[in-house]
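Since the structure comes first, as structure tokens, the remarks are kept for the end.
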Amino acid sequence: MSETVVAKRYAEALFQLGIEKNNLDELVTEFTTVRDVFQDNKELNLFLLHPAVSSEKKKELIAGSFTNLQKDVVNTLKLLIDRHRTVIIPAIIDQFIQLVNNAKGIVEATVYSTRALSENEKRELELSFAKRLNKTAVTFDNKIDSSLIGGIKIRVGNTIYDGTISGKLKNIERKLMTAN
């Protein structure tokens, strides 16, 4: 079974647990912290993937490292260690956050610009795109792309909204090519 399918199944189970316990927001916050730790700490990943290290030692490390997290979060991580699924922990968390956001009508998007957007610019874009996409809210991750000539490019899922100068020039070029 592919890792994506497995990650989605675990994420759905976590989502159901969050609904039952009415703590989805807390789980999102805590699992975001866990994801950041797993993405930033390569030594932790190597330790958890090392075949010579026992599952008990791995679980002790997790329990000791994440003492401030809910029992459900820590137990989930221990379960994933037992089932040798630590490599997909970030994917499970991403899928879980996506399920929670979908349930709340929130869309995550990436905005590419030549400079960091101000909070006011981000807020205006978020409101505009929430209305355009018929969603409750849109949250933007601003990435700086120095290859852009000007303007912004927004990616929502698999859809790209290109408001860059180079994008507009390409669009004009396409129109001219099809006119001939």
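First residue of the sequence shown: -16, per our numbering; consecutive thereafter. Here a beta-carbon is modelled for each residue, glycine too, at the ideal position from N, C-alpha and C. These figures come from a predicted structure and were not determined experimentally.
**OP:** Identify whether Val90 lies in helix, strand or coil by the three-state DSSP scheme.
**Re:** In the displayed model, Val90 falls within a strand according to three-state DSSP.
*Does any C-beta atom of chain B lie closer than 8 Å to the C-beta of Leu159?*
Of the protein chains in this structure there is only one, and it is not chain B.
- Task: Quick one: grab the DSSP three-state call for Arg138.
- Result: In the three-state scheme derived from DSSP, where H, G and I count as helix and E and B as strand, Arg138 is classed as strand.
- Task: Taking Thr147 as the reference, give the member of Gln78, Asp55, Tyr95 and Thr15 with the closest Cα.
- Result: Measuring from the Cα of Thr147, the nearest candidate turns out to be Tyr95.
Q) Going by DSSP, what residues sit across from Val165 in a beta bridge? A) Limits of the chain in this structure are -16 at one end and 163 at the other, which puts residue 165 out of reach.
(request) Check whether the Cβ atoms of Glu102 and Ala120 lie closer than 8 Å to each other. (result) Not closer than 8 Å, so no.
(Q) Using a Cβ distance threshold of 8 Å, determine whether the region 39 to 49 contacts the region 81 to 91, with at least three qualifying pairs required. (A) In short, these stretches do not touch, since the Cβ pair count stays below three.
Start and end of the alpha helix (DSSP H) containing Phe(-2)? Segment Glu(-14) to Lys4, the alpha helix (DSSP H) holding Phe(-2).
Practice task
Report yes if the CB atom of Ile64 is closer than 8 Å to the CB atom of Lys42, and no otherwise.
Solution key: Yes, they are a contact pair.
Along the chain, which unbroken stretches of the beta strand (DSSP E) at least 3 residues long are found entirely within the region 66 to 113? Fully enclosed beta strand (DSSP E) runs of 3 or longer: 89 to 96.
ask   = Between the C-alpha atoms of Asn117 and Leu152, what's the straight-line distance to the nearest angstrom?
value = In a straight line, the C-alpha of Asn117 is about 29 Å away from that of Leu152.
task: Look at the Cβ atom of Phe14, then the Cβ atom of Val57, and state whether they are nearer than 8 Å.
output: At a Cβ-Cβ threshold of 8 Å, Phe14 and Val57 do not count as neighbours.
- Query: Are Lys4 and Gln78 touching if we call contact CB-CB under 8 Å?
  - Reply: The answer is no: Cβ separation not under 8 Å.
Is Leu60 near Val17, with beta carbons less than 8 Å apart?
A contact, by the Cβ cut-off of 8 Å.
Classify Ile165 as helix, strand or coil using the three-state DSSP reduction. A question about residue 165 goes unanswered here, because the residues of the chain that appear run from -16 up to 163.
Roughly how many angstroms separate the alpha carbons of Thr69 and Glu26, rounded to a whole number? Roughly 13 Å between the two C-alpha positions.
Closest by CA to Ile72, which one among Met160, Tyr(-7) and Gly140? Restricting attention to Met160, Tyr(-7) and Gly140, the CA atom closest to the CA of Ile72 is found in Tyr(-7).
Report task. Could you say which of Thr97, Leu82 and Gln22 lies nearest to Ser130 if we only look at CA atoms? Result -> Considering only Thr97, Leu82 and Gln22, the residue with the shortest C-alpha distance to Ser130 is Thr97.
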